[in-house]
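J.: My questions will all concern the structure given below.
Protein chains: 2
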Amino acid sequence: MNPDITRERENATFNVEKLTHILDGGIEKTKRRREIESLVISDPDFQSEDLNFLSRSERYDAAVKKSAQMILKLREYGISDPEEIYCYKSCVHRGRAEPLDLHLAMFLPTLLNQASPEQMETFFIPAWNLDIIGTYAQTEMGHGTHLRGLETTATYDPATQEFVLNSPTITSIKWWPGGLGKTSNHAIVLAQLHTQGKCHGLHAFIVPLRSMNTHIPLPGVVVGDIGPKFGFDEVDNGYLKLENVRIPREHMLMKYAKVEADGTYVKPPSAKLTYGTMVFIRSMIVGEAGHALAKSCTIAIRYSSVRHQSEIRPGEPEPQIMDYQTQQYKLFPLLATAYAYKFVGQYMNQVYHRITGDISQGDFSELPELHALSAGLKAFTTWTASEGIEVCRMACGGHGYSRCSALPDIYVNFVATCTYEGENTVMMLQTARFLIKSYQQASAGHQLSGIVSYLNESERRLQPQSVSSRPTVVNVNDLASLVEAYKLRAAKLVEVAAKSIQQELQKRVSQEDAWNNSAIDLVRASNAHCHYVVVKLFAAKLGEIGDTGVHSVLSTLALLYALQGIQQNSGDFLQTGLLSVPQLSQVSQRLKELLAQLRPNAVALVDAFDYCDEMLNSVLGRYDGNVYEHMFEWARRSPLNKTEVHESYHKYLKPLQAKL
Amino acid sequence: MNPDITRERENATFNVEKLTHILDGGIEKTKRRREIESLVISDPDFQSEDLNFLSRSERYDAAVKKSAQMILKLREYGISDPEEIYCYKSCVHRGRAEPLDLHLAMFLPTLLNQASPEQMETFFIPAWNLDIIGTYAQTEMGHGTHLRGLETTATYDPATQEFVLNSPTITSIKWWPGGLGKTSNHAIVLAQLHTQGKCHGLHAFIVPLRSMNTHIPLPGVVVGDIGPKFGFDEVDNGYLKLENVRIPREHMLMKYAKVEADGTYVKPPSAKLTYGTMVFIRSMIVGEAGHALAKSCTIAIRYSSVRHQSEIRPGEPEPQIMDYQTQQYKLFPLLATAYAYKFVGQYMNQVYHRITGDISQGDFSELPELHALSAGLKAFTTWTASEGIEVCRMACGGHGYSRCSALPDIYVNFVATCTYEGENTVMMLQTARFLIKSYQQASAGHQLSGIVSYLNESERRLQPQSVSSRPTVVNVNDLASLVEAYKLRAAKLVEVAAKSIQQELQKRVSQEDAWNNSAIDLVRASNAHCHYVVVKLFAAKLGEIGDTGVHSVLSTLALLYALQGIQQNSGDFLQTGLLSVPQLSQVSQRLKELLAQLRPNAVALVDAFDYCDEMLNSVLGRYDGNVYEHMFEWARRSPLNKTEVHESYHKYLKPLQAKL
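Chains as they are written, first to last, in UniProt numbering: chain A, 1 to 660; chain B, 1 to 660.
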């Protein structure tokens with residue numbers, strides 16, 4: 001054990017294990033998680049060479065191998081609880097996406113939700129046993145977020161009682177679905193349904209892609225891998241071009257909408273039913289943002305405690321780089337953010353499960369708010385977490401750039417969340433739509449409830465209008481007061497956006513152009529709203545924590561989170577008159593104090609995330625702090641060192657020397 | 001040609017070719033650059049498969065092959081001007097780093113600068129002819145920015161007239177030098193010189209690493225590749241552990257410092273002589289920041305003009321995504337930034353060459369300012385450019401995540417500049433040291449000249465102190481007025497940092513701790529200083545431009561750049577009383593107008609950067625806008641599609657199906 005990191009742990013002022021239980025959701029959950037982790041870590045079938053040393057094809061190969069093993073072992077161990085499956089899977093693939101992800105997370109659930117009883121009989125058991133390996137093919141080369149724009153067609157032919165599927169244009173080629181390229185032999189294809197000369201919009205169809213025997217693509221099916229990406233090297237994201245592919249009528253998912261034998265279309269009872277999954281996945285992503293940032297902070301903070309560099313005082317030994325104020329200023333607010341997002345993730349998960357109960361009883365009332373919140377928070381958290389991962393990486397100096405730090409991997413795999421499951425700007429604008437609608441309702445005299453109740457007229461009248469008209473009341477040392485300030489900032493920025501729309505409308509532009517011409521303000525308003533929600537939920541979480549030591553350190557983190565947000569957005573707080581110039585200097589001063597205050601607990605706070613070395617897979621983030629020996633060992637194992645002299649020397653350099 | 005992009009070009013209001021000449025530095029330079037580019041592009045020896053499809057070892061191999069060809073052809077064509085060599089090399093390697101970079105850019109120049117005439121005779125011609133392939137080994141595993149911390153030792157043994165080189169600890173292993181792992185047979189090693197029982201600090205030694213015949217490492221030399229990184233896949237960044245490696249006395253570079261045969265140490269005449277190279281490289285990096293951002297903007301803006309998505313007005317066709325205000329707000333300020341950095345790069349280059357003339361005549365007076373400026377600007381531009389590249393990538397939606405966009409590559413290769421040649425935070429603090437020193441001189445009554453003259457007392461007294469005490473005079477429509485505002489902001493923030501140091505000193509902490517406890521403020525001050533310099537230089541550049549059309553569009557860009565910087569740092573401008581709250585609303589409004597104003601010129605403005613398709617190597621950034629066809633074609637060529645059925649199916653999936 002590196003003595004620096006041992007000393008850090010000795011200096012901590014709280015019980016790390018207790019905080020871990022809070023993060024896991026209880027002592028029992030921590031125990032079970034660790035059981036599952038050691039099941040995987042001790043399993044020789046899940047060992048492999050460092051993925052960084054493999055080619056893309058080898059990485060895909062290794063992932064398929066592990067996924068196949070995983071399916072067998074989950075059944076062998078009888079692990080069937082979805083959360084436990086997720087945990088086991090994360091351990092096996094070290095948090096990476098894998099070729100069977102869409103089979104497990106989209107194909108099977110979609111069958112469960114949208115297949116008729118007869119279809120369940122036909123498809124579910126074969127899919128459960130991986131005779132059918134499926135994916136979910138929605139996105140097209142030319143169409144992503146805007147579903148109505150999808151071009152793939154499924155035209156019903158009553159003569160043969162078949163649907164004929166086509167990709168009529170190059171832009172209609174299905175593009176991106178995970179597992180589509182090489183792994184799947186079936187896909188649920190989203191296509192525009194045409195029957196009796198009429199288009200009825202998007203519906204889902206089960207399309208066989210490859211022979212069940214030989215795995216060779218079926219006639220009319222042009223399928224393959226879309227090529228290398230920024231990350232996701234283990235996944236065969238694919239393309240699919242359909243050329244007059246015929247499937248039986250019974251391959252349209254018919255639990256709700258139906259096409260009868262003669263081609264008569266029967267509408268589904270409600271459109272909101274497919275809404276829930278999207279909300280669930282976005283909620284999950286918020287938790288993943290906390291997760292990715294927590295991992296990155298673990299690596300950067302542990303490394304900062306063992307790395308010595310430069311000098312603060314001449315003549316003294318090089319200090320731990322964590323002693324530099326600039327390093328603390330980079331890392332500790334991110335640490336606070338990681339905690340904040342983990343707690344927000346927990347909250348979203350709870351709300352989702354509560355609301356799902358209501359939905360199953362036909363009560364959709366809370367869904368619009370959760371939908372709006374999950375969209376905005378997904379964007380808000382993934383953007384800041386992505387940037388934060390890179391800050392952590394660069395805070396490790398040159399070594400952060402090495403793949404052995406694991407930080408490049410965390411970044412490239414996480415940053416995709418800014419784009420998938422709804423592009424972030426589009427997500428922010430969805431939340432804005434909800435906010436503006438709420439604002440307009442409140443302006444019209446309706447009394448709002450829930451998270452947007454701050455938009456109620458009565459509350460808004462209490463808001464300060466400008467620096468001069470009203471003295472500010474924010475106490476920069478009191479978290480409750482800061483939550484209030486964030487709330488008023490959000491209220492103000494929603495108002496600014498709403499007024500921008502009004503002004504545009506006065507110029508006689510259309511409603512839609514007014515919206516587009518105010519989009520910058522709308523995103524800003526959503527952002528402020530999400531920021532408020534995060535600060536509020538972090539503060540609320542503190543109320544649940546009984547242990548004094550843990551409560552104290554988390555309170556410091558929450559205050560740091562809130563104050564740093566104010567500093568970074570100081571223009572908003574000054575502009576809305578919520579803070580005065582002298583208060584802002586106070587914020588700066590207080591921030592510096594909080595950094596110094598957190599310094600002794602920094603390593604313990606990342607230890608509490610409880611990532612074992614096998615899961616982190618980072619030389620810089622090792623628990624024992626013995627970074628350099630292992631970096632050297634890692635480098636020596638790397639592929640270019642398999643031979644002392646690389647063949648290019650004999651091929652190019654030696655002959656060149658002769659010619660010059 | 002895609003009709004959307006053709007229409008964009010038809011709508012441009014200025015002459016693209018004229019702007020290209022300005023960017024190149026004259027019509028003749030544009031012509032010559034294009035000549036060199038077509039020499040390379042038409043050369044069959046420089047064609048290769050897409051690097052994204054190759055393994056790391058294959059990429060290294062391909063790069064060595066190209067570099068060897070390049071050396072032959074440069075001699076064949078008689079290209080010897082350093083700028084032209086740089087241009088040719090960039091074309092050959094498409095802007096990527098390559099295994100011979102350090103041989104050409106560090107090993108040969110260091111010989112030229114620091115070798116004695118006898119050493120030139122011994123080493124230069126063999127190095128010129130690539131019998132000796134060299135690198136420059138400075139950074140160690142445990143030591144980067146802080147040179148005094150380097151641990152490698154060179155101990156003189158008068159008995160044999162040799163130096164004995166050692167890596168005494170694991171942290172002293174040389175780590176990171178490009179070309180060290182596999183390519184080089186020699187290295188210039190920076191080591192602590194010990195002679196006659198005394199350490200004389202860092203000196204440079206020529207150390208043979210590998211046999212000139214077999215390329216096998218020599219006894220005592222443990223050398224290899226440090227393994228895969230975020231980017232730089234073509235470069236064999238290496239490690240080097242020296243175990244009692246003996247080299248003749250004549251292998252110490254002795255143009256300045258010397259060790260005589262008996263071990264007597266002779267000091268160099270001036271320490272400032274090695275200063276220049278560092279300044280030059282950092283100045284180059286500023287230009288590279290403009291370059292990387294210009295490429296990224298080219299890709300994202302061209303793609304945004306051919307990509308259609310969602311709807312602004314219901315019932316109308318999907319609009320070009322460049323019509324969304326949010327998309328313009330992401331991309332156009334970055335486009336302005338790319339222009340700004342290109343102009344700053346030109347300026348730095350001119351100043352460097354002017355000052356180099358002075359230095360060769362023994363006049364070092366301007367060097368400290370340029371040194372400080374190059375450090376801060378390197379950090380300022382590389383941070384914002386790195387973030388900007390990712391914004392461009394994500395502005396391309398999902399397809400930006402594909403390697404075919406080229407944006408992942410641009411990012412991973414460019415972002416390294418935030419860390420190398422001086423870690424950015426350390427660079428910012430270097431600039432801060434110069435600013436604080438200047439501030440103190442001014443406070444002591446000295447009259448400052450040059451870029452920091454705004455810190456003179458007389459000027460500072462004219463500054464506004466708070467919102468209330470003085471009406472603001474900034475005209476948000478006038479660039480000169482905005483330059484002034486940036487200047488005053490910088491002055492104010494330097495003052496804030498200086499006062500923080502004073503306050504710390506009053507707490508009886510040491511000078512060093514006071515510095516560290518004010519580091520956040522110091523970085524902020526440097527940042528404001530650099531921002532001011534960029535805005536000022538952009539404004540100054542406009543004065544050189546005669547063509548009305550070009551002048552007009554660049555003026556709009558400069559205004560956009562200045563106003564967006566104010567919006568993003570609105571807290572600073574409000575806090576220092578430079579802008580009022582209503583003015584800030586004006587800034588927001590004006591920004592929206594400028595986005596709309598730039599919209600018709602966006603494609604033409606990236607066309608003016610004049611990156612040919614071969615150099616961009618981006619499917620999304622193609623000049624003809626025919627994105628989708630080529631994306632499909634690119635994907636079909638990718639390695640996982642070499643067979644219809646991947647071997648993992650037979651190895652794992654088929655057997656699994658049998659077991660379930």
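Glycine is no exception: its CB is placed at the ideal position from the N, C-alpha and C atoms.
Give the residues of chain A in contact with A68 of chain B, contact being defined as C-beta atoms less than 8 Å apart.
T.: In chain order: Y652, L653, P655 and L656.
J.: Kindly identify the DSSP beta-bridge partner or partners of L242 of chain B.
T.: The partner list for L242 of chain B (beta bridge, DSSP) reads B:V221.
J.: Report all residues from its chain with a CB closer than 7 Å to the CB of T145 of chain A; omit the five preceding and five following residues, and keep chain order.
T.: If we look at T145 of chain A and ignore the five residues flanking it on each side, its Cβ neighbours are G422, E423 and V426.
J.: Taking the straight line between their C-alpha atoms, what separation do you get for M70 of chain B and S42 of chain B?
T.: Approximately 14 Å between the Cα atoms of the pair.
J.: If you compare alpha carbons, which of B:V266, B:I355 and B:T110 is closest to V189 of chain B?
T.: Closest option to V189 of chain B, Cα to Cα, is B:T110.
J.: Quick check on DSSP: helix, strand or coil for I301 of chain A?
T.: Looking at I301 of chain A - three-state DSSP - the assignment turns out to be helix.
J.: With a threshold of 7 Å on Cβ separation, who are the neighbours of V92 of chain B within its own chain once the five nearest residues in sequence on each side are excluded?
T.: Counting only Cβ-Cβ distances below 7 Å, and skipping sequence neighbours, we find V40, F46, K66 and M70.
J.: Determine the direct distance from the alpha carbon of I359 of chain B to that of residue 682 of chain B, and round the result to whole angstroms.
T.: Residue 682 of chain B cannot be examined here, being either before or after the span of chain B that is shown, 1 to 660.
J.: Does V473 of chain B pass the burial test, meaning 16 or more other C-beta atoms within 10 Å, or should it be called exposed?
T.: Exposed: under 16 other Cβ atoms inside 10 Å.
J.: Say whether the stretch 115 to 126 of chain A touches the stretch 151 to 161 of chain A, bearing in mind that this needs 3 or more beta-carbon pairs closer than 8 Å, one atom from each stretch.
T.: No: the two stretches stay apart, fewer than three of their Cβ pairs being nearer than 8 Å.
J.: Give me, in chain order, the residues of the same chain whose beta-carbon lies closer than 6 Å to that of W176 of chain A; leave out the 5 immediate sequence neighbours on both sides.
T.: Once the five neighbours on either side are set aside, the close Cβ partners of W176 of chain A are T139 and N237.
J.: Could you pull out every residue in the same chain whose Cβ sits closer than 6 Å to the Cβ of S618 of chain B, ignoring the five residues on either side in sequence?
T.: Within the same chain, S618 of chain B has close Cβ partners I299, S405 and A406.
J.: Quick one: Cα of H103 of chain A to Cα of A187 of chain A, how far?
T.: Straight-line Cα distance between these residues: approximately 9 Å.
J.: Along the chain, where does the beta strand (DSSP E) that runs through T548 of chain B open and close?
T.: Element bounds for T548 of chain B: not the beta strand (DSSP E) but the alpha helix (DSSP H), T548 to Q568.
J.: Does the Cβ of K536 of chain B have 16 or more other Cβ atoms within 10 Å, making it buried, or fewer, making it exposed?
T.: Buried, since its Cβ has 16 or more Cβ neighbours within 10 Å.
J.: Taking Q192 of chain B as part of the beta strand (DSSP E), name the residues at either end of that continuous run.
T.: Counting along the chain, the beta strand (DSSP E) containing Q192 of chain B begins and ends at H186 to T195.
J.: Does at least one heavy atom of the ligand GDP sit under 7 Å from the Cβ of R393 of chain A?
T.: Looking at this structure, you won't find the ligand GDP or any other ligand, since it has none at all.
J.: Apply the 10 Å Cβ neighbour rule to F283 of chain A and answer buried if 16 or more other Cβ atoms are within range, or exposed otherwise.
T.: Before going further, note that residue 283 of chain A is Ser rather than Phe in the sequence given. S283 of chain A comes out buried.
J.: List the whole-angstrom C-beta distance separating C396 of chain A from Y303 of chain A, where the pair is believed to meet the contact cut-off of C-beta under 8 Å.
T.: Right, the Cβ-Cβ distance comes to about 5 Å (below 8 Å), so this counts as a contact.
J.: Is N475 of chain A close to chain B? Criterion is C-beta to C-beta, closer than 8 Å.
T.: So no, N475 of chain A is outside the interface.
J.: My guess is that S518 of chain A and A497 of chain A are in contact by the Cβ rule of under 8 Å, so how many angstroms apart are they, rounded?
T.: Confirmed, Cβ separation roughly 6 Å.
J.: Taking 8 Å as the threshold (beta carbon to beta carbon), is L640 of chain B in contact with chain A?
T.: True, the Cβ-Cβ gap to chain A drops below 8 Å.
J.: May I have the straight-line CA-CA distance separating S585 of chain B from F573 of chain B, to the nearest angstrom?
T.: Roughly 13 Å between the two C-alpha positions.
J.: Can a CB atom of chain B be found closer than 8 Å to the CB of Y486 of chain A?
T.: No, its Cβ sits nowhere closer than 8 Å to a Cβ of chain B.
J.: Below 7 Å on C-beta distance, what does I206 of chain B contact in chain A?
T.: Residues of chain A passing the Cβ test: none, with the nearest at roughly 18 Å.
J.: Answer with yes or no whether the minimum CB distance from C199 of chain B to chain A is below 8 Å.
T.: Judged by the 8 Å Cβ criterion, C199 of chain B is not in contact with chain A.
J.: Taking Cβ-Cβ distances shorter than 9 Å, what residues in chain B pair up with D513 of chain A?
T.: The answer, in chain order, is I312 and R313.
J.: From R508 of chain B to F332 of chain A, what does the alpha carbon distance come to, in whole angstroms?
T.: Roughly 26 Å separates the two Cα atoms.
J.: Can you look up V16 of chain B in the DSSP assignment and give me helix, strand or coil?
T.: Reduced to three states, the DSSP call for V16 of chain B is helix.
J.: Which same chain residues, not among the five before or five after G450 of chain A, have their C-beta less than 6 Å away from its C-beta?
T.: Excluding positions up to five away in sequence, the list reads E369.
J.: Do N185 of chain A and M141 of chain A have their C-beta atoms within less than 8 Å of each other?
T.: Contact flag unset, no.
J.: Is R636 of chain B close to chain A, meaning its C-beta is less than 8 Å from at least one C-beta of that chain?
T.: It does; some Cβ of chain A falls within 8 Å.
J.: Any beta carbon of chain B sitting closer than 8 Å to that of K437 of chain A?
T.: False, the Cβ-Cβ gap to chain B never drops below 8 Å.
J.: Just checking: is the beta-carbon of Y239 of chain A within a distance shorter than 8 Å of some beta-carbon in chain B?
T.: Interface residue, yes.
J.: How should M428 of chain B be labelled, buried or exposed, when 16 other C-beta atoms within 10 angstroms of its C-beta is the threshold for buried?
T.: Result: buried.
J.: Could you tell me if M348 of chain B is buried or exposed, where buried requires 16 or more neighbouring beta carbons within 10 angstroms of its beta carbon?
T.: Under this definition M348 of chain B is a buried residue.
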